[in-house]
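Peer 1: Provided herewith is a single structure, encoded as structure tokens, for subsequent inquiry.
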Amino acid sequence: AKSEAKGQHRFFSADLYRQLQHRLDTERELAAAIEEDQFIVHYQPRVNTHSGELVGMEALVRWQHPEKGLLYPGAFIDIAEASNLIVQLGEVVMDKVCAQLAQWQAEGRALVPVSVNASARQFDEGRVKDLCIRALRRHGIDARYIEIELTESIMANNAQQVFEELRSLHEIGVPVHLDDFGTGYSSLAALHKLDVDVLKVDRAFTAQLGAAQEGEVFFSAIVSMARALGMRVIAEGVETPQQLAVLQRLGCDEVQGYLVSRPLPAAEVVRFYGQRTLP
Ligand code: C2E
Ligand code: CA
Ligand code: CA
Ligand code: CA
């Protein structure tokens, strides 16, 4: 048994070594990819639950890898977070989104706001407001066309810093969405203090709609709470007409998910402008 345990130890070490090596390789590749401008942004439409009208889009980063093809955030975002490269990547994404908005504006389209995901790291450094201002100015975009999505996990580090950063975003007119809502642990008091404009309910809860009654109870409680606090509610990950029907009945404001559209390259998402797209 002793030698077995020893063998196991060696096995884990080799495994850990490979993991570490993979992380270091990806980190190095990521840094180079930022330099070489290999990132692109896809846009997922968000529509009004009742009218089906396009009301916004979410910017989702992709890595156009020269050998591996198109990589999704699952393949690199954790490593970007851990290495702090997420701060640079966040700047890249914000700049690309504002450049895209400027292009659509030049094409004479009636813009809808684009929400950009921000990581806790960016809030730690207190640079989210400056990041927005720089990109908005560079491309001549009004602040109301950018929204910031953040998760409750940002509260874990420096809550006071986060409150101040959120206040400063409001001062410049950038709305804030609380992403993956329902998966974190923030108290109602924290939620109230956070002063966010929109609750974006995690798709794990959307997935329960139509199946169990509890799923509906949870969602309808969120909708009434949001009403009372003056917030809007977005359901993420809406995939079926049944889920949509429940969300319409519960009075959820906006929906996003494969039922409407997958995230799309900018050139393809434009077809949603001025459309009503619910089944
Ligand atoms: P998220 O912010 O919760 O984004 C929603 C994810 O759900 C996206 O995955 C989207 O493609 C996917 N999704 C949308 N509708 C549906 C649906 O109906 N069903 C299912 N099953 N999935 C759906 P994606 O693009 O792979 O992004 C994953 C995560 O990576 C995002 O989760 C976000 O946390 C992070 N991320 C993406 N772009 C950025 C970025 O620019 N900056 C930062 N910091 N994080 C980003
Ligand atoms: Ca998001
Ligand atoms: Ca989410
Ligand atoms: Ca997420």
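Quick note: to get the UniProt record's numbering, add 616 to the position in the sequence shown (first position is 1).
Using N, Cα and C, we set each Cβ at its ideal position, and we do this for glycine too.
1) Since residue 661 and residue 677 are thought to touch, with beta carbons under 8 Å apart, how far apart are those beta carbons, to the nearest angstrom?
2) Give every residue of the same chain whose Cβ lies closer than 8 Å to the Cβ of residue 650, excluding the five residues on either side of it in the sequence, and list them in chain order.
3) With distances taken from CA atoms, which of 893, 883, 665 is nearest residue 723?
4) Roughly how many whole angstroms lie between the Cα atoms of residue 782 and residue 792?
5) Evaluate residue 858 with the Cβ neighbour count: other Cβ atoms within 10 Å of its Cβ, from every protein chain shown; 16 or more gives buried, anything less gives exposed.
6) Which runs of the alpha helix (DSSP H), 4 residues or longer, sit entirely within the stretch 812-845?
7) Give the range of the beta strand (DSSP E) segment to which residue 686 is assigned.
8) Pick out every residue whose C-beta is nearer than 6 Å to a heavy atom of ligand 2: which are they, in chain order?
9) List the residues that DSSP assigns as beta-bridge partners of residue 859.
10) Restricting to Cα atoms, I'd like to know which of 831, 658, 752, 787 is closest to residue 811.
11) CA-CA distance, residue 597 and residue 699?
12) Any contact between the stretch 861-869 and the stretch 822-835? By contact I mean 3 or more CB pairs, one from each, below 8 Å.
13) What's the C-alpha gap between residue 618 and residue 635?
14) With hydrogens ignored, establish whether the beta-carbon of residue 809 is closer than 7 Å to any heavy atom of ligand 3.
15) When DSSP labels each residue in this structure, what does residue 681 get in the three-state scheme?
16) Helix, strand or coil, according to DSSP, for residue 741 in the structure here?
17) Beta-carbon separation of residue 880 and residue 659 under 8 Å?
18) Sort 844, 682, 695, 629 by Cα distance to residue 813 and report the nearest one.
19) Would DSSP call residue 784 helix, strand or coil?
20) Indicate, with yes or no, if ligand 5 has a heavy atom lying under 7 Å from the CB of residue 761.
21) Would you check if the stretch 639-655 and the stretch 848-856 touch, i.e. whether three or more CB-CB distances between them fall below 8 Å?
22) Does the beta-carbon of residue 851 have 16 or more other beta-carbons within 10 angstroms, so that it is buried, or is it exposed?
23) Report the residue from 666, 828, 774, 632 whose alpha carbon sits nearest the alpha carbon of residue 867.
24) Helix, strand or coil: which one does DSSP assign to residue 872?
25) From 742, 769, 785, 890, pick the residue whose C-alpha is nearest to that of residue 796; which is it?
26) Just curious, the alpha helix (DSSP H) that residue 711 is in, first and last residue?
27) Taking only the alpha-carbon atoms, compute the straight-line gap between residue 808 and residue 849 and give it to the nearest angstrom.
28) Please classify residue 763 as buried or exposed, where buried requires at least 16 neighbouring CB atoms within 10 angstroms.
29) Could you spell out the range, first to last residue, of the beta strand (DSSP E) harbouring residue 762?
Peer 2: Judging by the given coordinates:
1) Actually they are not in contact, since the Cβ atoms of residue 661 and residue 677 sit about 17 Å apart, beyond 8 Å.
2) 701, 704, 705, 708
3) 883
4) 8 Å
5) exposed
6) 819-822, 829-845
7) 685-687
8) 674, 733, 765, 795
9) DSSP output for residue 859 lists no bridge partner at all.
10) 787
11) Lying before the first or after the last residue shown, residue 597 is absent from the chain, which here runs from 617 to 895.
12) yes
13) Note that residue 618 scores 47 on pLDDT, short of 50, meaning its location in the model is unreliable and no value can be drawn from it.
14) no
15) strand
16) coil
17) yes
18) 844
19) helix
20) Here the bound small molecules are ligand 1, ligand 2, ligand 3 and ligand 4; ligand 5 is not part of this structure.
21) no
22) buried
23) 666
24) coil
25) 769
26) 701-722
27) 15 Å
28) buried
29) 762-767
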